[in-house]
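Using the working numbering, read the sequence shown as starting at 167 and increasing by one per residue.
Where is the CB? At the ideal position from N, CA and C, for every residue including glycine.
Inspection log for the structure reproduced underneath, given as structure tokens.
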Amino acid sequence: MQAKKRYILVFVSCAFLAYCYFGGYRLKLTPHRPRRAQHESAKDGGVQPYAQLPSFISSAQRQPLSNESNAAVVIQSKHKSVGAASAAATAAGSCRMDTCFDFTKCYEQFLVYVYPPEPLNSLGAAPPSSANYQKILTAIQESRYHTSDPAAACLFVLGIDTLDRDSLSEDYVRNVPSRLARLPHWNNGRNHIIFNLYSGTWPDYAEHSLGFDAGEAILAKASMSVLQMRHGFDVSIPLFHKQFPLRAGATGSVQSNNFPANKKYLLAFKGKRYVHGIGSETRNSLFHLHNGRDMVMVTTCRHGKSWRELQDNRCDEDNREYDRYDYETLLQNSTFCLVPRGRRLGSFRFLEALQAGCIPVLLSNAWVLPFESKIDWKQAAIWADERLLLQVPDIVRSISAERIFALRQQTQVLWERYFGSIEKIVFTTLEIIRERLPDYPERSSLVWNSAPGALLTLPTFADSSRFMPFLLNALGVEPRHNYTAVIYVQIGAALGPNAALYKLVKTITKSQFVDRILILWAADRPLPLKKRWPPTNHIPLHVIALAGSTRSLNGPTGQTGPEVRPSISQRFLPYDEIQTDAVLSLDEDAILNTDELDFAYTVWRDFPERIVGYPARAHFWDDSKNAWGYTSKWTNYYSIVLTGAAFYHRYYNYLYTNWLSLLLLKTVQQSSNCEDILMNLLVSHVTRKPPIKVTQRKGYKDRETARSPWNDPDHFIQRQSCLNTFAAVFGYMPLIRSNLRMDPMLYRDPVSNLRKKYRQIELVGS
């Protein structure tokens, strides 16, 4: 009996030792398996759950590879480029921001240096570069991130096109390793960012196969998987096509007044079908879901040079069904859009579905969604498992109408704020990296996942979201009481009791809501003596001389630098003297009484994210000139409220000075005009809402009929030119028309609730 127990104990011990040895050996080889093996593992359910994946490789794994590990790398390396890339991925696999990034370069400013183009070769030809990569470089070079001084740069962007690393592609750039070696600041990729859309090639499309050693560079890459991404270091970006716009581009397809929860088709997909190879299993099975009624799943074999030789017996039927449906019609008439993986994990269908307001249903196991560290995709997309395809219909049918409505709304927010153009994709990538810096404030999930988004919410403005105008209503917070009146003086007429400026200051001091008065003196005349100003009682009066000022228009707040002349944009600088949320912007000759000021402020408190004021203007499309026009005629609509007599939130001063493109500010400075139009475009771009006009007295109309620069034809020509320049730089026309007018006779009386019955009174559209 004792001998039997000893035999059992010996057997169990041997079995345990064998399990530890062979199990540990297998686990050691797992990170170095070929990409094909990883793909098969994903199909067979071998992908680790998100929660079990390490955020980075431990220090022990940074040691030189063992013989077994080297053997695994050699097995997977059928081509030299694949082997080199795999070794690079292993060497840099442990990269984190604190190990592979030099923060000391970023303490002063967050600036990006773009390497200049490579010199012409012996044949006089420039190195190849795709249109999309040129758009990425242009977006950076024309932005506030850009610097031409590498010593001042925090990040470096290659002048070498790395978007398409498929060696069979016409956009494939060769000899990248030798080109990287010639870069003066390469330093094994530290503080560099590499943009990539495609990696690997036929037949395995290995994700890590870039064809060069990226070293310690941050990868901003499409189609990244949870196994290859260095979380907290790399950035997953979306796959976009060659015609993708540089700026703004098309807005979301969903209109606020046409937003049904359910459409003609519940679920739809139209695209290529791969009869063999990676990605074929999912798309070859989609015909099981097609019923031609509420589910349309149509695919075609007609792609590639040898599709006829490789077609199967279902291709002819699939091709006929495929031709019955128009892709754009499917997008616009479907509630859910299937987004299956292609040869790689990402797909063009993802962005196309977002733009159309069609809720993406993702069929791409282990894909790291774009900007996943900041964007809460549960609010805009649905996940399904490639291995459980037949469960997809039940999943989408189980979603309530309320959640469908919320999901569709969020697709539009994300599309318009982060994905509508290459510029937005690049800027979002840079801001994600910027938030990793130790001294830069991190924006909350609420900011990232709600309008107007993180790109328009500068955390350096304030340490709390309650100071942002567009979040006040969402947080249920009212703006702080009272306002600061800012009077811009450009003419500087003699100051006396009968002068317009004298009367205006006197009128403001009688307001029950004024906190202080700030005079911006930009006139050539010397400042009036203190005794010539009207008595302001307890209201503080500050006078700032702008002529010869050393404030720099092109620098952040607080910097100094010489200016050639005072810029009219200085009226929108974020002055320290402005401590209230509300700013009342006035021209020196504004004709308003105290009641008009107080009423406009009361309206603004209900709409703190908008411009609220008196004189209104409108834009229109001029077919004869194929350009935007500008008019001051009294029409039934308006899209601009001039800042010569208007309230707005002080945050827009900060955005105007620190966020707007320098091209826009240069246009204003050169013309000494149009700053009020630019402020309106900025606020409409942020809010996607029109300004609000309040009822005014006849005084403004009488004033416009008198001799005034407002009636000068050259003045209007210049403003029309500004308007078209601004729209070109924004990439679209942000201004929105409105018919709404707030009248003090009915405002806040019960009868004003009748307005809720007439929701079309504010027309949404340009």
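> If you follow the alpha helix (DSSP H) that Trp543 is part of, which residue opens it and which one closes it?
Replying inline: Residue numbering aside, residue 543 sits at position 377 when the sequence shown is read from its first letter. Careful: Trp543 lies outside any alpha helix (DSSP H) and carries neither H nor E.
> So Lys594 is in the alpha helix (DSSP H); what residue range does that whole segment cover?
Replying inline: What you label residue 594 is simply residue 428 of the sequence shown in a count that begins at 1. According to the sequence shown, residue 594 is Thr rather than Lys. Element bounds for Thr594: Ile588 to Arg600.
> Excluding sequence positions up to five away, which residues of its chain have a Cβ less than 6 Å from the Cβ of Asp315?
Replying inline: Start at 1 with the first residue of the sequence shown, and residue 315 comes out as number 149. If we look at Asp315 and ignore the five residues flanking it on each side, it has no Cβ neighbours.
> How big is the Cα-Cα spacing for Ser798 and Glu308?
Replying inline: Indexing the sequence shown from 1 puts residue 798 at position 632. Indexing the sequence shown from 1 puts residue 308 at position 142. One C-alpha to the other measures close to 32 Å.
>> Quick test of your reading: Gln498 and Ala522, contact by CB under 8 Å. State the CB separation rounded to the nearest angstrom.
In response: The residue you call residue 498 lines up with position 332 of the sequence shown. The residue you call residue 522 lines up with position 356 of the sequence shown. That belief holds up - the Cβ atoms of Gln498 and Ala522 are roughly 6 Å apart, short of 8 Å.
> With respect to the beta strand (DSSP E) encompassing Leu752, which residues constitute its N-terminal and C-terminal limits?
Replying inline: Counting from one through the sequence shown, the residue named residue 752 turns up at place 586. Ala748 to Asp753 is the extent of the beta strand (DSSP E) around Leu752.
> Residues in its own chain within less than 6 Å of Asn428 by CB, not counting five upstream and five downstream?
Replying inline: Your numbering for residue 428 matches position 262 in the sequence shown. Around Asn428: Thr501.
> What is the C-beta distance between Val860 and Gly795, in whole angstroms, given that I count them as a contact (C-beta under 8 Å)?
Replying inline: Here the question's residue 860 lines up with position 694 in the sequence shown. Here the question's residue 795 lines up with position 629 in the sequence shown. Going by Cβ atoms, the distance from Val860 to Gly795 rounds to 25 Å, so no, they are not a contact pair.
> Just reading off the beta strand (DSSP E) that Leu529 is part of, what are its end residues?
Replying inline: Residue 529 sits at position 363 when you count from the first residue of the sequence shown. Start and end: Ile525 to Leu529.
>> Checking 8 Å against the spacing of the C-beta atoms, do Ala756 and Ala689 come in under that value?
In response: Counting from 1 along the sequence shown, the entry for residue 756 is found at position 590. Counting from 1 along the sequence shown, the entry for residue 689 is found at position 523. Their beta carbons are not under 8 Å apart, which means Ala756 does not touch Ala689 by this criterion.
> Is it true that the stretch 549-559 meets the stretch 474-484, where meeting means three or more beta-carbon pairs spaced less than 8 Å apart?
Replying inline: no
> Who pairs with Leu321 in a beta bridge, going by DSSP?
Replying inline: Residue numbering aside, residue 321 sits at position 155 when the sequence shown is read from its first letter. Paired residue(s): Val278.
>> The beta strand (DSSP E) that contains His358, what's its start and end?
In response: On the sequence shown, position 192 is the one that residue 358 refers to. Residues His358 to Asn362.
> In whole angstroms, what separates the C-alpha of Lys387 from that of Glu447?
Replying inline: Start at 1 with the first residue of the sequence shown, and residue 387 comes out as number 221. Start at 1 with the first residue of the sequence shown, and residue 447 comes out as number 281. Distance between the alpha carbons of Lys387 and Glu447 is about 24 Å.
> Does the beta-carbon of Thr673 have 16 or more other beta-carbons within 10 angstroms, so that it is buried, or is it exposed?
Replying inline: Looking up residue 673 in the sequence shown gives position 507. Flag for Thr673 reads buried.
> Could you give the residue range of the alpha helix (DSSP H) that holds Thr853?
Replying inline: Counting from one through the sequence shown, the residue named residue 853 turns up at place 687. It spans Glu841 to Thr853 - the alpha helix (DSSP H) in which Thr853 sits, taken as one unbroken run.
> What separation, rounded to the nearest whole angstrom, lies between the Cα atoms of Phe813 and Tyr741?
Replying inline: Taking the sequence shown and counting its residues from 1, one reaches residue 813 at position 647. Taking the sequence shown and counting its residues from 1, one reaches residue 741 at position 575. For Phe813 and Tyr741, the distance between alpha carbons rounds to 16 Å.
> Taking Cβ positions, are His358 and Leu324 nearer each other than 8 Å?
Replying inline: Counting from one through the sequence shown, the residue named residue 358 turns up at place 192. Counting from one through the sequence shown, the residue named residue 324 turns up at place 158. Going by C-beta atoms, His358 is nearer than 8 Å to Leu324.
> For Ser611, does the three-state DSSP call read helix, strand or coil?
Replying inline: Here residue 611 is taken as the residue at index 445 of the sequence shown, counted from 1. Ser611 falls in the helix class under three-state DSSP.
> The alpha helix (DSSP H) with Met125 in it runs from where to where?
Replying inline: Here the chain comprises residues numbered 167 to 932, so residue 125 is not present and cannot be evaluated.
>> Whole angstroms are fine: how far does the CA of Pro692 sit from the CA of Pro618?
In response: For the purposes of this step, residue 618 is taken as residue 452 along the sequence shown, with counting starting at 1. For the purposes of this step, residue 692 is taken as residue 526 along the sequence shown, with counting starting at 1. Distance between the alpha carbons of Pro618 and Pro692: 43 Å.
> DSSP three-state call for Val671: helix, strand or coil?
Replying inline: Position 505 of the sequence shown, counted from the first residue, corresponds to residue 671. Correct three-state label for Val671: helix.
> By the 10 Å Cβ neighbour count, where 16 or more other Cβ atoms means buried, how is Leu321 classified, buried or exposed?
Replying inline: For the purposes of this step, residue 321 is identified with residue 155 of the sequence shown, where counting begins at 1. Looking at its Cβ environment, which holds 16 or more other Cβ atoms inside 10 Å, Leu321 is buried.
> Candidates Ala414, Thr768 and Val392: which alpha carbon is nearest Glu644's?
Replying inline: Residue 644 sits at position 478 when you count from the first residue of the sequence shown. Cα-wise, what sits closest to Glu644 is Thr768.
> Can you name the start and end residues of the alpha helix (DSSP H) that Phe892 belongs to?
Replying inline: Position 726 of the sequence shown, counted from the start, is the residue given in the question as residue 892. Counting along the chain, the alpha helix (DSSP H) containing Phe892 begins and ends at Pro879 to Phe896.
> For Gln242, does the count of other Cβ atoms within 10 angstroms reach 16, so buried, or fall short, so exposed?
Replying inline: On the sequence shown, position 76 is the one that residue 242 refers to. A caution first: Gln242 carries a pLDDT of 34, below 50, which makes its placement in the model unreliable, though a value can still be read off. Label assigned to Gln242: buried.
> What's the gap between the Cα of Ala894 and the Cα of Leu496?
Replying inline: Translated into the one-based positions of the sequence shown, residue 894 becomes position 728. Translated into the one-based positions of the sequence shown, residue 496 becomes position 330. So the alpha carbons of these two residues sit roughly 31 Å apart.
>> Tell me whether the stretch 589-604 and the stretch 433-440 touch, counting them as touching only if at least three CB pairs, one residue from each stretch, are closer than 8 Å.
In response: no
> In chain order, what residues of the same chain have a beta carbon less than 6 Å from the beta carbon of Trp533, not counting five sequence neighbours either side?
Replying inline: If you number the sequence shown from 1, residue 533 lands on position 367. For Trp533, where only same-chain residues beyond five positions count, the Cβ hits under 6 Å are Leu511.
> From Phe267 to Glu382, what distance separates their C-alpha atoms?
Replying inline: Indexing the sequence shown from 1 puts residue 267 at position 101. Indexing the sequence shown from 1 puts residue 382 at position 216. Looking at the two C-alpha atoms, the distance is approximately 8 Å.
> Out of curiosity, what's the CA-to-CA distance linking Met845 and Val278?
Replying inline: Your numbering for residue 845 matches position 679 in the sequence shown. Your numbering for residue 278 matches position 112 in the sequence shown. Going by the C-alpha atoms only, they are around 27 Å apart.
>> Looking only at its chain, what residues have a beta carbon closer than 8 Å to the beta carbon of Trp687, apart from the 5 residues adjacent to it on each side?
In response: Here residue 687 refers to the residue found at position 521 when the sequence shown is read from its first residue. Hits under 8 Å: Val655, Gly658, Leu693, Val709, Ile710, Ala711, Leu712 and Ala713.
> In whole angstroms, what separates the C-alpha of Phe361 from that of Ala572?
Replying inline: Mapped onto the sequence shown, residue 361 falls at position 195. Mapped onto the sequence shown, residue 572 falls at position 406. Their Cα atoms are separated by approximately 32 Å.
>> Quick check on Trp770: does DSSP put it in helix, strand or coil?
In response: The count along the sequence shown starts at 1 and reaches residue 770 at position 604. Helix, per DSSP.
>> Among the candidates Lys301, Ala319, Ala305 and His312, whose CA atom is the shortest distance from the CA of Cys272?
In response: Indexing the sequence shown from 1 puts residue 272 at position 106. Taking only the C-alpha atoms, the option nearest Cys272 is Ala319.
> Beta carbon of Val505, beta carbon of Val562: below 8 Å?
Replying inline: Residue numbering aside, residue 505 sits at position 339 when the sequence shown is read from its first letter. Residue numbering aside, residue 562 sits at position 396 when the sequence shown is read from its first letter. No.
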